[in-house]
Structures are given as C-alpha cells and as structure tokens.
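If you use this note's numbering, the sequence shown closes out at 102, no skipped numbers anywhere. One structure is given below, encoded as structure tokens.
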Amino acid sequence: FERVLVLFPDPWPKKRHHKRRLIQPAIAAELARVLVPGGILHLATDWPDYAEHMRAVLEGEPRLIDSADGWAERPAYRPRTRFEARGEGKGHPVFDLIYRRR
C-alpha cells in the first residue's frame, strides 16, 4: 500500500480494555510490512491518551519514521469523519500522526 489511514479507531478508554485497542505493536509491524518504502501511515484520534499510546507504539516500530516530528496538521486529503465532528463539538482536540515507511 502507498497510504493507510486509521481514522478515529475505538479508543477503549477504560484501562482494563486497553488490550483491545487496534494500535498495538503487532498491528504496527503488519502495517509497516504492507506499506511500500516511502508509504504513509496516517492516524487520527480525539483522545489524548490514545494519541500518546499510538505514538509510543509507532515509535517502537523501526520501519516507521515520524514524518511530522510529533503531531501533524490535518492534511487536506484527510476526510472529516462524523467521529471527528462529534469530538470537535465536545471541544476535543484532534491529534494527527503521520509516519513514513523507511
């Protein structure tokens, strides 16, 4: 794949449910495997805790490079989802992460 977008996955906010979160080391490794060199992995969430979790997991994957050096601005190509609209309506900030495959 040249680009994979993971937009507003279920944050599973309760600590006992964190193991159910989509972004885990095994998934990060699989996403890195299927991306072409130079391919983009773009994630977005409106949960600060999940954003930090995703960032920590992706930083642990050696084939991925943080192309935004932290939180990215929302690119024009990313569609606005209803989950994003709902979060913004509640005053939640949106965190975009953009990684590039080595």
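Positions of the beta carbon are idealized from the N, C-alpha and C atoms, including for glycine. Bear in mind that the values here come from a model prediction, so they are computed numbers and not experimental data.
Residue i versus residue j: straight-line alpha-carbon distance, rounded
i          : j          : result
residue 23 : residue 71 : 17 Å
residue 93 : residue 9  : 15 Å
residue 17 : residue 50 : 12 Å
residue 46 : residue 39 : 24 Å
Opening and closing residue of the beta strand (DSSP E) in which residue i lies
i          : result
residue 6  : 3–7
residue 50 : Taken as a continuous stretch (DSSP letters only), residue 50 belongs to no beta strand (DSSP E), being part of the alpha helix (DSSP H) at 48–59.
residue 44 : 40–45
residue 64 : 64–66
Assigned secondary structure, residue i (DSSP; H/G/I helix, E/B strand, else coil)
i           : result
residue 86  : helix
residue 101 : strand
First through last residue of the alpha helix (DSSP H) which encompasses residue i
i          : result
residue 31 : 25–34
For residue j and residue i, believed in contact at Cβ under 8 Å, the rounded distance
i          : j          : result
residue 97 : residue 63 : No, residue 97 and residue 63 are not in contact; Cβ-Cβ is about 15 Å, not under 8 Å.
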